[in-house]
Structures are given as C-alpha cells and as structure tokens.
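Take the position in the sequence shown, starting the count at 1, then add 555; the result is the number in our numbering. Note that CB positions come from ideal geometry on N, CA and C, so glycine has one too. Since the model is a prediction, treat every value here as computed from it, not as a measurement.
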Amino acid sequence: MDLRPFGRTGLTVPVLGFGAGHVGDPSLDEAEVGRLLHGALDLGVTLIDTARSYGLSEERIGRHLAGRRDEFVLSTKVGYGIPGYDDWTGPVIAAGVDAALGRLRTDRIDVVHLHSCP
556 MDLRPFGRTG LTVPVLGFGA GHVGDPSLDE AEVGRLLHGA LDLGVTLIDT ARSYGLSEER
616 IGRHLAGRRD EFVLSTKVGY GIPGYDDWTG PVIAAGVDAA LGRLRTDRID VVHLHSCP
C-alpha cells in the first residue's frame, strides 16, 4: 500500500483508509467484524476512521484491535450530544475525547475531528 505524509503531523497514512461506519451496525456478526478489521490491517489499510455516531463502531474497533493499536492511525469525531454539556464547546470536546478513549480501549486518538452529524 502506498503511504503518504499526513500534513505536518508526523503521521504516515496509506492512500486508502477504512471508514468504519458500517462495522457499527448491530446486525453484523461480531466474528465477521473482527475478521474484517484484522483483514484491513493485514492488507496495509492502516488508517481507520470512526465516530460515536457510527453505532457500535468505536466499541468494536476497541474490542477487536486493542492489541494491535500501534499498527494503525486512528481517527474519530467529537463535539456534540453529551448530556450536561453544550454542543460545540471545549468541555464537550474534552468529554467526547475521554469517552471515545474508553470505547476504543486506547490511550490515544491520532486524529480528532469536530463533527457536525448528530
């Protein structure tokens, strides 16, 4: 897989990323989701993009790929929809990152997007 620098971040990403919205579908078989996520990494697709609004996506990525965390660049989205916080504020962004870290079973998120899709 061809790799490219990701702006001036110091990250290197493949030309093809994995949009993980579809793995959030609760009707998908859990074992199949695991095979899909591991298969993507095995093929060199090492940029994975997810969001809380993608159903079970963050939880499944955490469950299946926590042991391979150093092998991929992880992107997610935050900014709205947390009870007790005003949307699009610093506190909701911080709370969203903290919650995503837990769901993703990781200590870091490489790219965080301010998302506007509730």
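Selected residue, minimal CA-CA separation from residue i, among the options
i           : options       : result
residue 662 : 640, 617, 644 : 617
residue 556 : 645, 572, 565 : 572
Reduced DSSP category for residue i - H, G, I as helix; E, B as strand; rest coil
i           : result
residue 570 : coil
residue 671 : coil
residue 603 : strand
residue 646 : helix
residue 630 : strand
residue 563 : coil
residue 598 : coil
residue 659 : helix
residue 558 : strand
Residue i - partner residues in DSSP beta bridges
i           : result
residue 582 : None, per the DSSP bridge assignment.
CB-CB length for residue i against residue j, believed under 8 Å
i           : j           : result
residue 602 : residue 560 : 12 Å between Cβ atoms; not a contact.
Quiz item: Is the segment 601-613 touching the segment 577-586 in the sense that three or more CB pairs, one from each, lie closer than 8 Å?
Solution: yes
Practice problem: Please determine if the segment 589-599 and the segment 632-646 are in contact, where contact requires at least 3 C-beta pairs separated by less than 8 Å. | Solution: no
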